[in-house]
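So the structure is just underneath, and the comments pick up after that.
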Amino acid sequence: MELFIIIVLFVVLAEVTYLTARTAWRSPMRKQTNPVFVDTSVLIDGRIIAVAESGFISSELQIPRSVIGELQFLADHADNEKRARARHGLDVVSELQHMEGLNISIFQDGSKAEEGVDERLLKLAKQYHGSICTIDYNLNKVAVVEGIKVLNVNELTKSLRMAYLPGERMLLELTQKGQDNHQAIGHLGDGTMVVVEHANNYIGQTVEIEFIRSLQTAAGKMMFARRVETASEPRQAKPKTDGRKPVENVTVAVPSKRRVQPRDQQKTEQRQNQPQQQRSRKSPRVRSSKNTEAALIDLVNKQ
Numbered sequence: 002m003e004l005f006i007i008i009v010l011f012v013v014l015a016e017v018t019y020l021t022a023r024t025a026w027r028s029p030m031r032k033q034t035n036p037v038f039v040d041t042s043v044l045i046d047g048r049i050i051a052v053a054e055s056g057f058i059s060s061e062l063q064i065p066r067s068v069i070g071e072l073q074f075l076a077d078h079a080d081n082e083k084r085a086r087a088r089h090g091l092d093v094v095s096e097l098q099h100m101e102g103l104n105i106s107i108f109q110d111g112s113k114a115e116e117g118v119d120e121r122l123l124k125l126a127k128q129y130h131g132s133i134c135t136i137d138y139n140l141n142k143v144a145v146v147e148g149i150k151v152l153n154v155n156e157l158t159k160s161l162r163m164a165y166l167p168g169e170r171m172l173l174e175l176t177q178k179g180q181d182n183h184q185a186i187g188h189l190g191d192g193t194m195v196v197v198e199h200a201n202n203y204i205g206q207t208v209e210i211e212f213i214r215s216l217q218t219a220a221g222k223m224m225f226a227r228r229v230e231t232a233s234e235p236r237q238a239k240p241k242t243d244g245r246k247p248v249e250n251v252t253v254a255v256p257s258k259r260r261v262q263p264r265d266q267q268k269t270e271q272r273q274n275q276p277q278q279q280r281s282r283k284s285p286r287v288r289s290s291k292n293t294e295a296a297l298i299d300l301v302n303k304q
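In terms of my numbering, the sequence shown opens at residue 2 and continues consecutively.
Written out as structure tokens, the structure is:
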């Protein structure tokens, strides 16, 4: 009886061990993903580092040894410009290898591809049911024809860029007031917030705007614009002119006393030419009036 109990326990333990191992083997964590073969152009470009740091690459990156061999050949035998770019590509490979959370390895396919690196990448992608990461336009087209999935960094950048560039115009509905009193806010179809300057009086209306600049932040993207004045809006009337310069108002000072006539002036000169004795006989009152009249004549002549 004891021997029978021991045998039953061994059978139960073996079955439990088998079921546990089978469950762990079929776990989704052990599911193999399709590899991504990296092209030379992507390593020289270097933007794959930012994409990898963002965590969007979940597949295993495979860098063929033939790709590294091509970078080494360019770094040793090309001109100065290509040599610098090839060395930058080798630095990108080293940086990717030291990046945490990224599954990357060197695929040993030989240091040199006799048929060419592009043909070798197409062959590896077909053989291992993987995809190609490249920015080469011709390789991209050939891979699409061959039915191979392509991860193009240029297409990713194009899809993430701003929908509208500074200087472009569009019709936008203003929905709310901005942070400043003169600002109004609208939103694009993708949810991008647009701040329109000097448009607080047009909230609730659809106006034509012209984009001025854009701002990309960690929280999202924001665009600034100004309202475009239409021809139907009333404008302040300007005074019509006939091409002549307007004449300013000129104030002329006119003496309150009458102008001295030439005949009176002759009589005054005759009186002034009389002998000193005859003039001395006149009264002081007449002498003072003559002096006042002469001073007035001088003032009028000067004017």
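All residues carry an ideal CB built from backbone N, CA and C; glycine is no exception. On a predicted model such as this, the values are computed, not experimentally measured, just so you know.
What is the C-beta distance between A126 and I105, in whole angstroms, given that I count them as a contact (C-beta under 8 Å)?
-> Between I105 and A126 the Cβ distance is about 17 Å, and since that is not below 8 Å, they are no contact.
If you count every other CB in all the chains shown that lies within 10 Å of the CB of I58, and 16 or more means buried, which is it?
-> Residue environment: I58 is assigned as buried (16 or more neighbouring CB atoms within 10 Å of its CB, all protein chains considered).
Have a look at E71, Y138, V229, L175 and flag the residue whose alpha-carbon is nearest the alpha-carbon of T207.
-> If we check each option's Cα against that of T207, L175 comes out closest.
Collapsed DSSP secondary structure at V255 in the structure displayed = Summary for V255: the model assigns pLDDT 46, below 50, so the residue's position carries little reliability; its value from the coordinates is reported in the next sentence. It is coil, neither helix nor strand.
Who does S132 pair with in a DSSP beta bridge?
-> BP columns for S132 point to V37.
From which residue to which residue does the beta strand (DSSP E) around E174 run?
-> For E174, the enclosing beta strand (DSSP E) has its first and last residue at 170-178.
Under 8 Å, do I204 and R227 count as touching if we go by C-beta distance?
-> Taking 8 Å as the Cβ cut-off, I204 and R227 do not qualify as a contacting pair.
Roughly how many angstroms separate the alpha carbons of I186 and L161, rounded to a whole number?
-> The straight-line gap from Cα to Cα measures roughly 22 Å.
Could you tell me if V195 is buried or exposed, where buried requires 16 or more neighbouring beta carbons within 10 angstroms of its beta carbon?
-> The residue in question, V195, is buried, as its Cβ has 16 or more Cβ neighbours within 10 Å.
Do the stretch 82-96 and the stretch 164-171 touch if we need at least three Cβ pairs shorter than 8 Å?
-> No: fewer than three Cβ pairs fall under 8 Å.
Compute the distance between the beta-carbons of E147 and V118, then report whether it is under 8 Å.
-> In this structure, V118 does not lie closer than 8 Å to E147 by Cβ.
Looking at the structure shown, is Q63 part of a helix, part of a strand, or coil, going by DSSP?
-> Correct three-state label for Q63: strand.
Where does T207 sit, in a helix, a strand or coil, going by DSSP?
-> Three-state result, T207: strand.
First and last residue of the uninterrupted alpha helix (DSSP H) at I58 = That residue, I58, is in no alpha helix (DSSP H); it is neither H nor E in DSSP.
Rounded to whole angstroms, what's the CA-CA distance from D40 to I64? Just pull it up for me.
-> Rounded to whole angstroms, D40 to I64 spans 8 Å at the Cα level.
Below 8 Å on the Cβ atoms is my guess for S60 versus N35; work out the distance and round it to an integer in Å.
-> S60 to N35, Cβ: 6 Å. Contact.
Range covered by the alpha helix (DSSP H) that runs through N141 = Taken as a continuous stretch (DSSP letters only), the alpha helix (DSSP H) holding N141 covers 138-146.
Where does D137 land, buried or exposed, given buried means 16+ other C-beta within 10 angstroms?
-> With 16 or more Cβ atoms within 10 Å of its Cβ, D137 is classed as buried.
Continuous alpha helix (DSSP H) assignments of at least 4 residues falling wholly in the stretch 78-130 | Complete alpha helix (DSSP H) runs here, min 4: 81-98, 118-128.
Sort K178, K222, M223 by Cα distance to N201 and report the nearest one.
-> The shortest Cα separation from N201 among K178, K222, M223 belongs to K178.
Near G102, which residues of its chain fall below 6 Å by C-beta distance, leaving aside the five closest residues on each side in sequence?
-> Excluding sequence neighbours, G102 sits near nothing in its chain.
Go ahead and label A144 buried or exposed: buried means 16 or more other beta carbons lie within 10 angstroms of its beta carbon, across all protein chains shown.
-> The residue in question, A144, is buried, as its Cβ has 16 or more Cβ neighbours within 10 Å.
Select from D77, V154, S67, A76 the residue whose C-alpha is nearest the C-alpha of E116.
-> Nearest option by C-alpha distance: S67.
Sort out for me which residues DSSP pairs H183 with in a bridge.
-> Answer is none; H183 lacks a bridge partner.
Identify whether E156 lies in helix, strand or coil by the three-state DSSP scheme.
-> Reduced to three states, the DSSP call for E156 is helix.
8 Å contact criterion, which V37 and G111 should meet: CB distance rounded | Rounded, the Cβ-Cβ distance is 20 Å, inconsistent with contact.
With DSSP as the reference, please indicate the residues paired to K222 in a beta bridge.
-> Per DSSP, Q217.
For I49 versus V154, is the C-beta spacing smaller than 8 Å?
-> Yes. Within cutoff.
Using the rule of at least 16 other Cβ atoms within 10 Å of the residue's Cβ for burial, across every protein chain shown, is I45 buried or exposed?
-> With 16 or more other Cβ atoms within 10 Å, it is buried.
According to the Cβ coordinates, are E198 and H188 closer than 8 Å?
-> Contact annotation: E198 and H188 have beta-carbon atoms that are not nearer than 8 Å.
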